[in-house]
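There are 2 protein chains.
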Amino acid sequence: MAERRHDPQRRDRIIDSALAVIAGNGVAGTTHRKVAQHADVPLGSMTYHFTDMDELLLEAFTRYADRIFQRYSERVLAAHSIDDLIGAVADLVHRDLVQSPEDLVLSLELYTLAARQPEFRRITHRWMRNSRSALERFVDSETAFDLDALIEGLFIHTSLDQTARPRADTERAVRRLLT
Amino acid sequence: MAERRHDPQRRDRIIDSALAVIAGNGVAGTTHRKVAQHADVPLGSMTYHFTDMDELLLEAFTRYADRIFQRYSERVLAAHSIDDLIGAVADLVHRDLVQSPEDLVLSLELYTLAARQPEFRRITHRWMRNSRSALERFVDSETAFDLDALIEGLFIHTSLDQTARPRADTERAVRRLLT
DNA sequence: TAGCTATGTGTACGATTGTACTTATGATCG
DNA sequence: CGATCATAAGTACAATCGTACACATAGCTA
Chain A
1 MAERRHDPQR RDRIIDSALA VIAGNGVAGT THRKVAQHAD VPLGSMTYHF TDMDELLLEA
61 FTRYADRIFQ RYSERVLAAH SIDDLIGAVA DLVHRDLVQS PEDLVLSLEL YTLAARQPEF
121 RRITHRWMRN SRSALERFVD SETAFDLDAL IEGLFIHTSL DQTARPRADT ERAVRRLLT
Chain B
1 MAERRHDPQR RDRIIDSALA VIAGNGVAGT THRKVAQHAD VPLGSMTYHF TDMDELLLEA
61 FTRYADRIFQ RYSERVLAAH SIDDLIGAVA DLVHRDLVQS PEDLVLSLEL YTLAARQPEF
121 RRITHRWMRN SRSALERFVD SETAFDLDAL IEGLFIHTSL DQTARPRADT ERAVRRLLT
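Below is the structure:
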């Protein structure tokens, strides 16, 4: 038998590896074996730390949503005026999101799961609620919903479209919505 | 051997069955056998009519995108004024899209594939281009991009959120964006 | 320190899958 | 009307998967 390792953060590493494998292969192409290999862990560890594939996916996407929201709220809460907010949104759409295509894949994979399974919808629920309440420091709750939706749509369409969308266009659109 | 059937539209039926199975089980849970069963067709027919699982998915989502765009453009092109357009968009978000949760699942599954595979991105490309050019009957192309993105975001967030979003809010948001 | 428990490791197994392949048959057209 | 070929049907097979399980060992606690 190979050398046994003391590895206290193994569970954490498996979760991060799961996100990496999902980003590369999609949920459909994610297997215990691929995640185990990426985490440099024997197959047996998978069933020890996670009873289910679903449990692994659930924890992975929970971590992902928290991570993305943190970046989101950092940008948004750093603003001190509506003009700042418009710039922050443009940063989100044109800098953060586009720079890492991984995030597009992972977000869409999560939405796809959420559309069919209530457990995952709880993750997106919390995510959306958090995002909106960050925006509500600047606008009323109805407008926060609209703005969050616009950011979502711009993110997806800008990422999928691939043709460089001018940042000024995004700023103009956000400004209009906030009027 | 069972009775042989003359079945000229079998290929078509398989494609529609694929969409039904995807809506119910996701792309990840879609197998040749499930699609064959739904289409009431022997397993052998799958590899005869489609060389690949990918070919089947590609044809299925191509059909789906065309179908959705047709409904979309019917709504949009029936409008004769900006006010009409605002109502048409509200219809899209609050009537068409929410009424069939299937469409949410299928759209997200398609986006998910498009995020990782260029073949599927060609489908979403064409879809978005078509949608925008319908909108360009009423607004300039930059605004068409924004509006299409807003519709997308509202569709996803309204569907996933589940809390009844007032139609008036959507109309107000669209009106702001078109100012 | 003794022993117990949490953690790590290797492997086996039944189920399911995509796909290929053989054979059969009916529609079509010269 | 007969031959040909596109289509239909059934089955086989290797690969891969999730999961279970038996066994080993290190760290903690009493």
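Line order of the protein sequences matches chains A and B.
Using the numbering used here, you'd call the opening residue of the first sequence number 1 and step up by one each time.
Using the numbering used here, you'd call the opening residue of the second sequence number 1 and step up by one each time.
Even glycine gets a Cβ: it sits at the ideal position worked out from N, Cα and C.
Cα-Cα separation, residue i to residue j
i         : j         : result
Gly-24/A  : Arg-4/B   : 44 angstroms
Leu-154/A : Leu-150/B : 7 angstroms
Leu-108/B : Leu-108/A : 7 angstroms
Thr-163/B : Asp-52/A  : 30 angstroms
Val-139/A : Val-89/A  : 14 angstroms
Glu-171/B : Pro-101/A : 32 angstroms
Short CB-CB distance (under 8 angstroms) between residue i and chain B
i         : result
Ile-82/A  : no
Leu-184/A : This structure cannot settle anything about residue 184/A, because the visible part of chain A is limited to 1 through 179.
Listed by chain order, chain B residues near residue i by CB distance under 9 angstroms
i         : result
Arg-176/A : Thr-143, Asp-146, Arg-176, Leu-177, Leu-178, Thr-179
Neighbouring residues, chain A, relative to residue i (Cβ below 8 angstroms)
i         : result
Asp-169/B : Glu-142, Phe-145, Asp-146
Val-105/B : Thr-112, Ala-115, Arg-116
Met-53/B  : Correct list: empty, because the minimum Cβ distance to chain A is about 11 angstroms.
Contact with chain A by residue i, beta-carbon distance below 8 angstroms
i         : result
Thr-31/B  : no
Gly-26/B  : yes
Leu-19/B  : no
Leu-97/B  : no
Arg-75/B  : no
Ala-60/B  : no
Ala-164/B : no
Met-46/B  : no
His-49/B  : no
Interface residues of chain A facing residue i [CB-CB closer than 7 angstroms]
i         : result
Thr-124/B : Leu-160
Cβ-heavy atom distance, residue i to the ligand HEM, below 7 angstroms
i         : result
Phe-145/A : Absence of the ligand HEM from the depicted structure is noted, as is the absence of any ligand whatsoever, leaving it without description.
Buried or exposed (CB count within 10 angstroms, at least 16 for buried), residue i
i         : result
Ala-168/B : exposed
Leu-56/B  : buried
Asp-103/B : buried
Leu-43/B  : exposed
Chain-ordered neighbours of residue i on chain B, where CB pairs are closer than 7 angstroms
i         : result
Glu-109/A : Thr-112
Leu-150/A : Ala-149, Leu-150, Gly-153
Within chain A, the residues that residue i reaches when beta carbons sit closer than 9 angstroms
i        : result
His-38/B : Ordered by position in chain A, no residue passes the 9 angstroms Cβ test against His-38/B, which lies about 17 angstroms from the chain.
Ala-88/B : Under the 9 angstroms cutoff, chain A gives no residues; its nearest Cβ is about 17 angstroms from Ala-88/B.
- [ ] Evaluate contact between the region 84-98 of chain B and the region 153-164 of chain B, counting only Cβ atoms and requiring at least three cross-stretch pairs below 8 angstroms.
- [x] Short answer: they touch.
Open item on the list: I want to know whether the region 113-122 of chain A touches the region 41-61 of chain A - three or more CB-CB distances under 8 angstroms.
Closed with: Cβ pair count under 8 angstroms is three or more, so yes.
Task: Segment contact flag, the region 36-49 of chain A with the region 65-73 of chain A, C-beta cutoff 8 angstroms, min 3 pairs - done: With the cut-off at 8 angstroms, the region 36-49 of chain A and the region 65-73 of chain A do not touch.
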